[in-house]
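S.K.:
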Amino acid sequence: MGEAQSIQWFPGHMTKTKRQIEKTLKLVDAVAEIVDARIPVSSRNPVIDKLIQQKPRLILLNKADMADPVQTKRWIAHYRAHGIPAMPVDCKSGKGLQNFIPLVKELLKERVASWEAKGMTGRTIRVMVVGVPNVGKSSLINRMCRQSKANVEDRPGVTRENRWFTIGKGFELLDTPGVLWPKFEDPQVGEHLAFTGAVKDDILDMEHLACRLIETLRVLYPTAVLQRYQLEEQDLAQLEPYEILEAIGKKRGMLVSGGAVNTERAAIALLDEFRGAKLGKITLEQVEEAV
Ligand code: G4P
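Sequential numbering of the sequence shown, starting at -16, is according to my numbering.
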């Protein structure tokens, strides 16, 4: 069994981001946290719960088009059981986004009623979008803006990292101020992010990564691998991951002169195809059963 490779990263300006988020929280009514539905644990910032504290929050399981729908449903039930409304979305196509504003309104129902009781009818609802890089924050904001033909607000005191987007009558979104990093120091987190393409490949050993992906997939989704690469069931179960990678390369005719398999090409093909959901809808971090 191989080891997860430790992925080097630079913490950047986490302290600055934390401060910016704390400051900005005072300006918003709710927080929409985006996670990658294929890796809902690894695609979160480890201190986000502490940062957000008591602010009403919802979770968007984005890239649901590439995740296992059974698992996505379980994750939603899991979050709901912890008092956090959650919904699946596909910010690339826009699927599911029609439910976003209604869910925020439902979340803030009592707050809106109390504003109205105080005569503040039609008060704008402001939501901060948070998420680690590559989960789809820009895609969400772009989609929502396109739907409402909105543009960026130009207000005094609004900096470039602190932009408000009007996405409907009385509804505004704010992008994460600064960069919220995931928990890269945990090797499994780094690896799952690398599988999904959230880490630059040029710092990764692609063959090692592909072997680790094979180890993961043969446990969670063996049929997907068998079907895609036409492997024998016994081989997938018993061969070393590197031998499976060789078998995949061989099937694809990825040979170098002398007849050996070009395992680097096979690794890149496997990772590309996994990231492009060619192996099917896959969730790597799973909830055992419905809550
Ligand atoms: P970020 O702001 O949080 O960093 O993420 P961003 O929106 O830039 O999205 C990162 C990548 O994920 C983009 O792909 C984007 O198209 C893709 N993406 C976002 N949401 C979804 C989704 O729901 N489903 C799928 N399948 N993909 C999604 P990219 O390769 O970086 O760019 P491009 O392919 O859009 O050119």
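Glycine included, every Cβ here is placed at the ideal spot set by N, Cα and C.
1. Is the shortest distance between the beta-carbon of D169 and the beta-carbons of chain C less than 8 Å?
2. Is it the case that the region 117 to 128 contacts the region 37 to 57, given that we only count it when at least three CB pairs across the two stretches are under 8 Å?
3. Exposed or buried, what is Q210 when buried is set at 16 or more other beta-carbons lying within 10 Å of its beta-carbon?
4. Return yes when the C-beta of V72 is under 7 Å from any heavy atom of ligand 1, and no when it is not.
5. Using the beta-carbon count (16 or more within 10 Å), is D255 buried or exposed?
6. Counting along the chain, where does the beta strand (DSSP E) carrying A260 start and finish?
7. Going by the C-beta, is K120 closer than 7 Å to any heavy atom of ligand 1?
8. If you run the structure through DSSP and keep just helix, strand and coil, what is E93?
9. Under the three-state reduction of DSSP, which class applies to A315: helix, strand or coil?
10. Identify whether A69 lies in helix, strand or coil by the three-state DSSP scheme.
11. Say whether the region 150 to 157 touches the region 217 to 229, bearing in mind that this needs 3 or more beta-carbon pairs closer than 8 Å, one atom from each stretch.
12. Mind the definition here: the region 248 to 267 touches the region 184 to 194 only if three or more C-beta pairs lie below 8 Å; say whether that holds.
13. Buried or exposed: where does E268 fall if 16 or more other Cβ atoms within 10 Å of its Cβ makes it buried?
14. What is the DSSP secondary structure of L238, counted as helix, strand or coil?
15. Taking only three categories from DSSP, how would you classify Q154?
16. Given I265, which residues of its chain have a CB within under 8 Å of its CB, disregarding the five upstream and five downstream residues?
17. Let's test the definition: count the other Cβ atoms within 10 Å of the Cβ of M103 and tell me whether it reaches 16, buried, or not, exposed.
18. Taking the Cβ atom as the reference point for each residue, do A47 and G79 lie within a distance shorter than 8 Å?
19. For R40, report the span of its beta strand (DSSP E) as first-last.
20. Work out the CA separation of E16 and W58 for me, nearest whole Å.
21. Would you mind sorting L238 into buried or exposed? The rule is 16 or more other CB atoms within 10 Å of its CB.
22. Any chance the CB of G114 is under 7 Å from a heavy atom of ligand 1?
23. Does the Cβ of Q54 have 16 or more other Cβ atoms within 10 Å, making it buried, or fewer, making it exposed?
24. Using CA coordinates, which residue listed in V115, A96, G236 and G161 is at the minimum distance from I4?
M.R.: Let me spell this out:
1. Here there is only one protein chain, and chain C is not present.
2. Yes: at least three Cβ pairs fall under 8 Å.
3. Translated into positions along the sequence shown, residue 210 becomes position 227. Counting Cβ neighbours within 10 Å, Q210 comes out exposed, since fewer than 16 surround it.
4. By 1-based counting over the sequence shown, the position of residue 72 is 89. Yes, the beta carbon of V72 sits closer than 7 Å to at least one heavy atom of ligand 1.
5. Within the sequence shown, residue 255 is the residue found at index 272, counting from 1. D255 should be labelled exposed.
6. The count along the sequence shown starts at 1 and reaches residue 260 at position 277. No beta strand (DSSP E) contains A260, which DSSP labels as neither H nor E.
7. Position 137 of the sequence shown, counting from 1, holds the residue named residue 120. Annotation for K120 indicates a beta carbon within 7 Å of some heavy atom of ligand 1.
8. Taking the sequence shown and counting its residues from 1, the one referred to as residue 93 is at position 110. Helix at E93.
9. Examination of residue 315 is not possible in this model, given that the chain is present from -16 through 274 alone.
10. What you label residue 69 is simply residue 86 of the sequence shown in a count that begins at 1. Residue state, collapsed to three classes: strand.
11. The region 150 to 157 makes no contact with the region 217 to 229; the number of CB pairs closer than 8 Å stays below 3.
12. In short, these stretches touch, since the Cβ pair count reaches three.
13. Along the sequence shown, one-based indexing puts residue 268 at 285. With 16 or more other Cβ atoms inside 10 Å of its own Cβ, E268 counts as buried.
14. As a working mapping, residue 238 is identified with position 255 in the sequence shown. DSSP, reduced to helix, strand and coil, places L238 within a strand of the structure shown.
15. In the sequence shown, residue 154 corresponds to position 171, counting from 1. The question names Gln, but residue 154 in the sequence shown is Phe. In the structure shown, F154 adopts extended strand secondary structure according to DSSP, grouped into three states.
16. Indexing the sequence shown from 1 puts residue 265 at position 282. Here the set comprises R21, M49, A50, D51, L200, L203, Y204, A207 and F257.
17. Here residue 103 corresponds to residue number 120 of the sequence shown, with the count starting at 1. Result: exposed.
18. One-based indexing of the sequence shown puts residue 47 at position 64. One-based indexing of the sequence shown puts residue 79 at position 96. Taking 8 Å as the Cβ cut-off, A47 and G79 qualify as a contacting pair.
19. Here residue 40 refers to the residue found at position 57 when the sequence shown is read from its first residue. Note, R40: beta strand (DSSP E), R40 to N45.
20. Here residue 58 is taken as the residue at index 75 of the sequence shown, counted from 1. Here residue 16 is taken as the residue at index 33 of the sequence shown, counted from 1. Counting only the Cα atoms, E16 lies some 14 Å from W58.
21. Within the sequence shown, the letter at position 255 stands for residue 238. With fewer than 16 other Cβ atoms within 10 Å, it is exposed.
22. Translated into positions along the sequence shown, residue 114 becomes position 131. Yes; taking the cut-off as 7 Å, the Cβ of G114 has a heavy atom of ligand 1 nearer than that.
23. Here residue 54 corresponds to residue number 71 of the sequence shown, with the count starting at 1. For Q54, the number of other beta carbons within 10 angstroms of its own is at least 16, and it is reported as buried.
24. Your numbering for residue 4 matches position 21 in the sequence shown. The candidate whose alpha carbon is nearest that of I4 is G161.
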